[in-house]
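First comes the structure, then the notes that go with it.
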Amino acid sequence: MKYTQLGRTGLKVSRLVLGTMNFGPQTNEADSHAIMDAALDAGLNFFDTANVYGWGENKGRTESIIGNWFAKGGERRDKVVLATKVYGNMAPDGESWPNHDKLSALNIRRAVDASLKRLQTDYIDVYQFHHIDRSTPFEEIWQAIDVLVQQGKILYVGSSNFPGYKIAQANEIAARRVGTIGLVSEQCLYNLAERRAEMEVIPAAQEYGLGVIPWSPLHGGLLGGVIKKEVEGGRRASGRAADTLANPTARAQIQAYEDLLEKHGLEPGEAALAWLLTRSGVTGPIVGPRTVEQLESALRAVELELSDELLASLDEIFPGPGPSPEAFAW
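Read in this note's numbering, the sequence shown has 103 at position 93, and its numbers run on one by one without any break.
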């Protein structure tokens, strides 16, 4: 496994991030533990989750699965850089009650303690804001975070799904507070088929020293050889991939992508991950395996070298928007 610094921090993390959103809803606890063991054995040390994972009446289930894995010992917790998130409503499903979501000082305090209990640990390495909160000023947010840092409950803070201007606003306000480090990472939607983050989000992250952590690196399976799987195994695309393939122009684009990688003897999913690892500012993409075999495929991407010729061809198929303001100004 290869490692890098998380943004401007001294924290070393693996170039792949283990996403755990499937743990519980699609992968049972025993198999989830096997995936985490395999990840750790491979040197993958950066694990990402969120308090709402498990969803619906099972919100928090994913954190509990991870906590039970930590409880097995074997230095599991010490070897893992643990990231979780706060924002989603954690009130019992179907109930609506004030202050059980978003980023008020009250909810942050409540959410951290609940996550620590489920995760069976006394600290979170990277505590991430899952979304912007338009109602809570950053002065209040940073005051709450400073208390948690002083208490030793969290070490670093990251954002997720933030626009570029909110990354700037958050860190400018943090800079005016003595001892507040500000955001150190941004988790955003970014892949070959969805490159809008290159316009504002990634430049802002680089300007302020945030590591970029792309989620959905295969764009809901669209970049994982979906057409080939459809033809060879009869496995139909679903969700975002199915919606995209219903458009003839988009389908032709994905077909060109798969044909290109077949010409180079590469697996589409592995190449899509490897492409992200060539992008400036990217710490590592989040991979969300449902099985150990899917994890092993993702791990191969770290060692994959993409030629300049192939990178240029991928840019032709999936051209990025270009930097701002040129991308939209002229």
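Glycine included, every Cβ here is placed at the ideal spot set by N, Cα and C. Just so it is clear, the structure is predicted and the values come from calculations on it, not from any experiment.
Contacts around residue i, its chain only, beta-carbon distance under 6 Å, and the 5 residues preceding and following it disregarded
i, result
"Asn171", "His141"
"Val23", "Leu16, Phe56 and Val91"
"Pro341", "This structure cannot settle anything about residue 341, because the visible part of the chain is limited to 11 through 340."
"Tyr63", "Met31 and Thr72"
"Asp143", "Lys112 and Leu113"
"Gly66", "Asp103"
"Gly231", "Ala251"
"Gln216", "Gly291"
"Ala115", "Glu150 and Ala154"
"Arg187", "Trp152"
"Gly221", "Leu16, Gly17, Ser195 and Thr293"
"Val211", "Gly174 and Cys198"
CB contact flag (residue i, residue j, <8 Å)
i, j, result
"Val167", "Leu126", "no"
"Asn32", "Arg300", "yes"
"Ser195", "Thr293", "yes"
"Gln138", "Gln197", "yes"
"Ala229", "Ala207", "First, the residue type needs correcting, since residue 229 is His and not Ala in the sequence shown. Not a contact, by the Cβ cut-off of 8 Å."
"Met209", "Ser290", "no"
"Gly77", "Leu129", "yes"
"Leu316", "Ala339", "no"
"Ala308", "Val297", "yes"
"Ile45", "Val312", "no"
"Ala48", "Leu314", "no"
"Gly234", "Pro278", "yes"
"Ile226", "Leu270", "Here the sequence assigns Ser to residue 226, which means Ile is not the residue at that position. Not in contact: Ser226 and Leu270 (Cβ atoms no closer than 8 Å)."
"Ile327", "Ala256", "no"
"Ala214", "Ile191", "no"
"Leu26", "Leu54", "yes"
"Gly105", "Ile75", "The amino acid occupying residue 105 in the given sequence is Glu; Gly does not appear at that position. Contact flag unset, no."
Beta-carbon proximity list for residue i, same chain, < 8 Å, skipping 5 on both sides
i, result
"Lys82", "His43"
"Leu345", "Because residue 345 is not part of the residues shown, which for the chain are 11 to 340, the question remains open."
"Phe148", "Gln179, Ala180, Ile183 and Ala184"
"Ile118", "Val96, Ile151, Ala154, Ile155 and Leu158"
"Ala348", "Because residue 348 is not part of the residues shown, which for the chain are 11 to 340, the question remains open."
"Thr131", "Gly77, Phe80, Arg87 and Leu92"
"Arg261", "Ile237, Thr254 and Leu255"
Host beta strand (DSSP E) of residue i (start-end)
i, result
"Thr14", "Tyr13 to Gln15"
"Ile164", "Ile164 to Ser170"
"Val241", "Taken as a continuous stretch (DSSP letters only), Val241 belongs to no beta strand (DSSP E), being part of the alpha helix (DSSP H) at Val236 to Gly243."
"Ser317", "Where Ser317 is concerned, there is no enclosing beta strand (DSSP E), given that its DSSP letter is neither H nor E."
"Val292", "Where Val292 is concerned, there is no enclosing beta strand (DSSP E), given that its DSSP letter is neither H nor E."
"Ser24", "Lys22 to Ser24"
"Val27", "Val27 to Gly29"
Residue i: first and last residue of the uninterrupted alpha helix (DSSP H) it sits in
i, result
"Trp79", "Arg71 to Phe80"
"Tyr267", "Pro258 to Lys273"
"Phe148", "Phe148 to Gln161"
"Val122", "Ala115 to Leu129"
"Ile142", "Taken as a continuous stretch (DSSP letters only), Ile142 belongs to no alpha helix (DSSP H), as it is neither H nor E."
"Leu255", "Gly249 to Leu255"
"Gly279", "Pro278 to Leu287"
"Ala339", "Glu336 to Ala339"
"Val302", "Val302 to Arg310"
Residues near residue i by beta carbon distance below 7 Å, same chain, minus five either side
i, result
"Leu320", "His274"
"Tyr133", "Gly162, Lys163, Ile164 and Leu165"
"Asn99", "His110 and Asp111"
"Pro35", "Gly64 and Trp65"
"Trp79", "His43, Met46 and Arg86"
"Ser145", "Lys112"
Closer than 8 Å to chain C by CB, residue i
i, result
"Tyr175", "Protein chains in the displayed structure number just one, and chain C is not present."
Expected contact under 8 Å - CB spacing of residue i and residue j to nearest Å
i, j, result
"Thr94", "Asn61", "6 Å"
"Ala337", "Pro331", "4 Å"
"Gly219", "Arg18", "3 Å"
"Ile237", "Glu268", "6 Å"
| request: Output the residue ranges of the beta strand (DSSP E) runs that lie fully inside the segment 165-233 and measure 3 residues or longer, sorted by chain position. | output: Segments of the beta strand (DSSP E) lying fully in the segment 165-233: 193-199 and 221-225.
| query | What are the uninterrupted segments assigned as alpha helix (DSSP H) that are 4 or more residues long and contained completely in the segment 34-112, given in chain order? | reply | Correct list: 39-51, 71-80 and 86-89.
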